[in-house]
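What follows is a short report on a single structure.
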Amino acid sequence: MAIGSDIHMPELHSSLAQLGAELLLDTVNNVRERIAKATPQDGALATYAPKITSRITEIEWAEQNSMEIYARYRALYGFKCLTTSFLDKQVQLLTVRKPKSQAQLNLPRFLLPSHFVFHRGLKSLIIGCAQGTAIEVTQMRIEGKKPMSALDFNNGFLKQAVSRQFKQNTNAAYC
233 MAIGSDIHMP
243 ELHSSLAQLG
253 AELLLDTVNN
263 VRERIAKATP
273 QDGALATYAP
283 KITSRITEIE
293 WAEQNSMEIY
303 ARYRALYGFK
313 CLTTSFLDKQ
323 VQLLTVRKPK
333 SQAQLNLPRF
343 LLPSHFVFHR
353 GLKSLIIGCA
363 QGTAIEVTQM
373 RIEGKKPMSA
383 LDFNNGFLKQ
393 AVSRQFKQNT
403 NAAYC
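Using the working numbering, the first residue of the sequence shown is number 233, and each one after it goes up by one.
Structure (C-alpha cells):
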C-alpha cells in the first residue's frame, strides 16, 4: 500500500485494517489457491521495527531535518506527542505542519537547529532543524499548562524569555 506524504497514523491504521480484512476474507475463501501460489519470505530482506518507547518522541533538533520530524509526527499522531524542552520545562508539540523552505517562510535570517521565531502571518512557531530546514508548529502544551496556540505561546512565554531555543527533552512522557 502506498503511503502518502500527508497521511497520519489513524488514517493509515484504518486503511490497513480495511485492506487486511479484505485480504483475510479472500485468503479464507480461496485458501487452496493461495497455498498453491504461496512463496516463502526472503529472510535476508526482512526488517524489524524498533520498540516504541518514550525516547522516540524526543526531537533531536541538530540531528533530524524537518521532513524526518514531520514523518515522526505523522507516525505517532494520536498515540504520542513529539517532545522538546523550553526553560527547563517539557514541551509537547501537538500540531506540526508540513515543512516549508526558509525562502517560502520569508524569514529574515537562517535559523539554527532548535532556534525559533514566531511567524505572525502563519500564527506559528518556525523552528530550525538539521540541514538548514525548518518546521512549523501551531499548537503545543508546556508541562503543567493547558494546550496553547503558537500565538498564545508567543504572547505568554516568548516576551519574557531570554532564550529562543528549544533543548533536547530528557523527561519525555506520554501525551
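All residues carry an ideal CB built from backbone N, CA and C; glycine is no exception.
* Asked: Considering HIS356, what are the terminal residues of the alpha helix (DSSP H) in which it resides?
  -> Per the sequence shown, the amino acid found at residue 356 is Ser instead of His. Residue range 356–360 is occupied by the beta strand (DSSP E) that includes SER356, with no alpha helix (DSSP H) assigned at that position.
* For MET372, does the count of other Cβ atoms within 10 angstroms reach 16, so buried, or fall short, so exposed? -> By the 16-neighbour rule on beta-carbons within 10 angstroms, MET372 is buried.
* Paired residues, beta bridge with GLU243 - DSSP -> Note: GLU243 sits in no beta bridge, so no partner.
* Asked: For the alpha helix (DSSP H) that MET299 lies in, which residues bound it at each end?
  -> That run of the alpha helix (DSSP H) goes 298–308.
* Relative to the alpha-carbon of GLN322, which residue among GLU243, ASN386, GLY376, ILE235 has its alpha-carbon at the smallest distance? -> Out of GLU243, ASN386, GLY376, ILE235, GLY376 has the C-alpha closest to the C-alpha of GLN322.
* For the alpha helix (DSSP H) that GLU265 lies in, which residues bound it at each end? -> For GLU265, the enclosing alpha helix (DSSP H) starts and ends at 263–268.
* Who pairs with VAL369 in a beta bridge, going by DSSP? -> For VAL369, which the question treats as bridged, DSSP gives the partners VAL328, LEU357.
* Spatial distance of ILE284 from GLY310 (CA atoms) -> ILE284 and GLY310 have their alpha carbons spaced roughly 14 Å apart.
* Determine, using beta carbons only, whether ALA307 and MET380 come nearer to each other than 8 Å. => With respect to the 8 Å criterion, ALA307 and MET380 are not classified as neighbours on the basis of their beta carbons.
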